[in-house]
Amino acid sequence: MAPFPRFSILLGYKKRIKSRDTRISANLDNWDNALDNWDNAEGWDAQEDPRWDDCGWHAGDDDDHESQNEKENDQESDNNPGGFHKYRHLWVQCDVCYGLNYKPLFNSQMYICECCEYHVEMNSSDRIDLLIDPDTWVPMDEDMVSLAIEWDFEEKETYQERLNSNQSETGLPEAIQTGIGELNGLPLALGVLDFQFIAGTMGSAVGEKITRLIEYATREFLPLIIVCASGGARIHEGSFSLMQMGKIACALYNYQLDAKRFYISILASPTTGGVTASFGMLGKVVIAEPEATIAFAGKRVIEQTLNIEVPEGVQQTEFLFTQGAFDLILPRFYLKRILHLIYLLNNYTLFFV
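In structure tokens, the structure reads:
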């Protein structure tokens, strides 16, 4: 008997993603004519060049052959006001296929590459917009930040300097946003880790914010979702960061077993270290994004520590799913609807138990 197909395969996330927004129209005939004329003039054929495909030019493939004059022309300056540098903010490059995605439309596509369908990293604010209904988000503990603990680290900047720089770059006080909102009209408690803030690492402030969110959800009998994208415990805070693993696990124990509430964990890429070893894997339902990196120790750390070679793909979502590490693989454009369906089914089951 053939095994039952994977849930993610039934959802068909390998189908090519199409944006629902109206795309910018262009006269393609004029573009084709211009490219043909340029090909004939330069003696270059895009069909035969390996650096060109349906997603466009693969930036970075020809860096070794680029002359110094071309590099200077790419920079906008007083002598070169028309440099290409000023247009780079309009495009987002995929980390896998190096295809270019038009940034104004990339948000509506949920940061999924049009060329290879890879799920590009999202910040916490965009994830909140993805999951929470408009005008229903109420943040919690926005003013809570970590205190700088000075250790003898051999780094170029101190912990306080790193906190200040990440706060100014991301506009966030810490590596997580927590709050209350509605998902298709269903009130819930939500925590979203932001990998752009010191790799989403879990320090004392992050652990305290998650614990307070769980305790609030326990008191108010709210469903709980935590989106994980983290490098693990924050090394800058030493054992204080490791203590958060046990503290959060205890709060989740009271939430799930004593209060009988429903916690869903969503694993984005990458989720590693102490986050994977604690609340990342403690959900009643654990959901992972396609092609995400989920691990405890990174590949490089394992190879250097144990002096062994780690096979490719063993820390990827698809392989871990076959080993029973989590329950579902869901692409982003199905996530909100499936989460709502899971909570409706859970409430229906509790009503008749």
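Residue numbering for the sequence shown follows our numbering, starting at 34 and increasing by one per position. Built from N, CA and C at the ideal position, the CB exists for glycine as well.
Taking 8 Å as the cut-off, the beta carbon of Arg160 is found closer than this to the beta carbon of Val260. In the DSSP annotation of this structure, the continuous segment of the alpha helix (DSSP H) that includes Thr309 starts and ends at 306-309. Following the DSSP letters along the chain, one finds Ala250 inside the alpha helix (DSSP H) bounded by residues 237-253. Distance from the CA atom of Glu241 to the CA atom of Leu377, rounded to whole angstroms, is 29 Å.
Taking all protein chains in view, the Cβ of Phe254 is surrounded by fewer than 16 other Cβ atoms within 10 Å, so the residue is classified as exposed.
Ala266 is positioned such that its CB atom lies closer than 8 Å to that of Gly307. Going by beta carbons, Ser302 and Met314 fall outside the 8 Å limit. Residue Thr304 holds the alpha-carbon nearest to the alpha-carbon of Ala232 among Val125, Thr304, Phe295. Contact check for Leu221 and Ala262: beta-carbon distance about 19 Å, past the 8 Å limit, so the pair fails to qualify.
Nearest C-alpha to Ala284 among Met235, Leu246, Ile375, Pro172: Leu246.
When only Cα atoms are considered, Cys127 and Phe295 end up about 35 Å apart.
The beta-carbon distance between Gly236 and Glu270, rounded to whole angstroms, is 5 Å. This is short enough to meet the 8 Å contact definition. Closest by C-alpha distance to Pro172, out of Gly224, Tyr144, Asn340, Val129, is Gly224. By the 16-neighbour rule on beta-carbons within 10 angstroms, His122 is exposed.
Its Cα nearest to that of Ala330, the residue Val347 stands out among Cys148, Val347, Ile320.
Annotation: Glu175 to Pro206 spans about 7 Å, alpha carbon to alpha carbon.
Ranking Leu374, Asn287, His152, Ala310 by CA distance to the CA of Met276 puts Ala310 first.
Residue pairing of Gly214 in beta bridges, as defined by DSSP: Leu221. Between Ile209 and Val239, the CB-CB gap stays under 8 Å.
Of the candidates Tyr192, Asn197, Glu248, Pro323, the residue whose Cα lies closest to the Cα of Thr211 is Glu248. Secondary structure at Tyr144: coil, using DSSP grouped into helix, strand and coil. Per DSSP, Met278 is not a residue of any beta strand (DSSP E); the alpha helix (DSSP H) it occupies stretches across 272-286. CA-to-CA, the gap between Met278 and Thr244 works out to about 10 Å. Apart from the 5 residues on each side of it in sequence, Phe366 sits with its Cβ closer than 6 Å to the Cβ of Met143 in its chain, given in chain order.
For Ile362, the closest of Lys136, Ser201, Asp168, Leu300 by C-alpha to C-alpha distance is Leu300.
Assignment of beta-bridge partners to Ile299 by DSSP yields Val260, Ile320. Residue state for Ala292 is assigned as coil, using DSSP reduced to three classes. A distance below 6 Å between beta-carbons, with the five flanking residues on each side excluded, links Glu215 to the following residues of its chain, in chain order: Asp166, Thr169. Straight-line measurement puts the Cα of Leu372 at about 12 Å from the Cα of Asn380. A Cβ-Cβ separation of about 5 Å places Thr203 in contact with Phe230 under the 8 Å criterion. The criterion of a C-beta distance shorter than 8 Å is not satisfied by Glu322 and Gln349. Of the other Cβ atoms in all chains shown, 16 or more fall within 10 Å of the Cβ of Thr251; this residue is therefore buried. Across the structure, Glu154 and Thr355 are spaced so that their CA atoms are roughly 24 Å apart. If you draw a 10 Å sphere on the C-beta of Ile281, you find 16 or more other C-beta atoms in it, and that means buried. In this structure, Leu290 and Ile327 do not form a Cβ contact; the two beta carbons are roughly 25 Å apart against a cut-off of 8 Å. Secondary structure at Leu361: strand, using DSSP grouped into helix, strand and coil.
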